[in-house]
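Heads up: the sequence shown runs through residues 521 to 658, numbered per my numbering.
Built from N, CA and C at the ideal position, the CB exists for glycine as well.
All values reported here derive from a predicted model rather than from experimental measurement.
Right, one structure below, let's go through it.
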Amino acid sequence: MLNQRSEMQAMQFRMGHVFALFMLVFILSSESTHLWVWNNHEPGFAIRSNISKSIQIAWPILWSFISFVYMFIGMKYKVTWFRFLSLGLFCLTILKLFIHDISNVSQGGKIAAFIILGVLLLIVSFMYPKIKGLFTES
Numbered sequence: 521m522l523n524q525r526s527e528m529q530a531m532q533f534r535m536g537h538v539f540a541l542f543m544l545v546f547i548l549s550s551e552s553t554h555l556w557v558w559n560n561h562e563p564g565f566a567i568r569s570n571i572s573k574s575i576q577i578a579w580p581i582l583w584s585f586i587s588f589v590y591m592f593i594g595m596k597y598k599v600t601w602f603r604f605l606s607l608g609l610f611c612l613t614i615l616k617l618f619i620h621d622i623s624n625v626s627q628g629g630k631i632a633a634f635i636i637l638g639v640l641l642l643i644v645s646f647m648y649p650k651i652k653g654l655f656t657e658s
């Protein structure tokens with residue numbers, strides 16, 4: 521009974537961190553868009569173009585930084601599920617870049633982006649056996 525209760529509390533704690541990460545990403549993304557528009561808006565131009573540029577440029581940078589911070593915390597304090605949250609956010613960032621943002625890039629840019637993605641995936645696949653121990657509980 522006590523073991524089930526502690527497992528339930530641990531699950532609630534983790535879900536709280538998932539919610540906190542979601543809220544952190546949402547609030548910081550909204551604020552980065554606000555700052556982008558505030559700094560770059562010129563009278564006579566549509567705000568919509570500044571918002572789309574912010575979503576296309578600032579959000580992936582911000583999300584990657586948050587992902588890096590979560591990975592750093594997870595590695596420093598040996599918290600496996602922080603590293604999984606970090607990888608999930610990083611995968612979401614890559615998906616956003618290659619599904620949403622790639623539509624406005626020239627043909628050469630698309631080719632370069634997918635070559636770089638392929639190289640990164642190859643590097644990760646060769647490094648996985650070496651870093652596999654990072655994703656298990658110590």
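Can you tell me where the alpha helix (DSSP H) holding residue i begins and where it ends?
i: Leu617; result: It is not in any alpha helix (DSSP H) - Leu617 carries neither H nor E in the DSSP assignment.
i: Asn570; result: Ile567 to Lys573
i: Tyr597; result: Counting along the chain, Tyr597 falls outside any alpha helix (DSSP H), and DSSP gives it neither H nor E.
Near residue i, which residues of its chain fall below 6 angstroms by C-beta distance, leaving aside the five closest residues on each side in sequence?
i: Leu541; result: Leu605
i: Phe602; result: Tyr590, Ile593 and Gly594
Throw me the rounded Cβ distance for the residue i and residue j pair, which I believe falls under 8 angstroms.
i: Ile571; j: Thr553; result: 6 angstroms
i: Ser659; j: Val599; result: Examination of residue 659 is not possible in this model, given that the chain is present from 521 through 658 alone.
i: Ala633; j: Val625; result: 7 angstroms
Checking 7 angstroms against the spacing of the C-beta atoms, do residue i and residue j come in under that value?
i: Leu555; j: Ser587; result: no
i: Lys630; j: Ile622; result: yes
With a threshold of 7 angstroms on Cβ separation, who are the neighbours of residue i within its own chain once the five nearest residues in sequence on each side are excluded?
i: Val538; result: Leu605
Apart from the five residues on each side of it in sequence, which residues of its chain come closer than 8 angstroms, Cβ to Cβ, to residue i?
i: Leu544; result: Ile586
i: Leu548; result: Leu582 and Ile586
query = Can at least three beta-carbon pairs, one atom from the stretch 569-580 and one from the stretch 614-622, be found at a separation below 8 angstroms?
reply = In the pairwise beta carbon analysis, the stretch 569-580 is classified as touching the stretch 614-622: at least three pairs are separated by under 8 angstroms.
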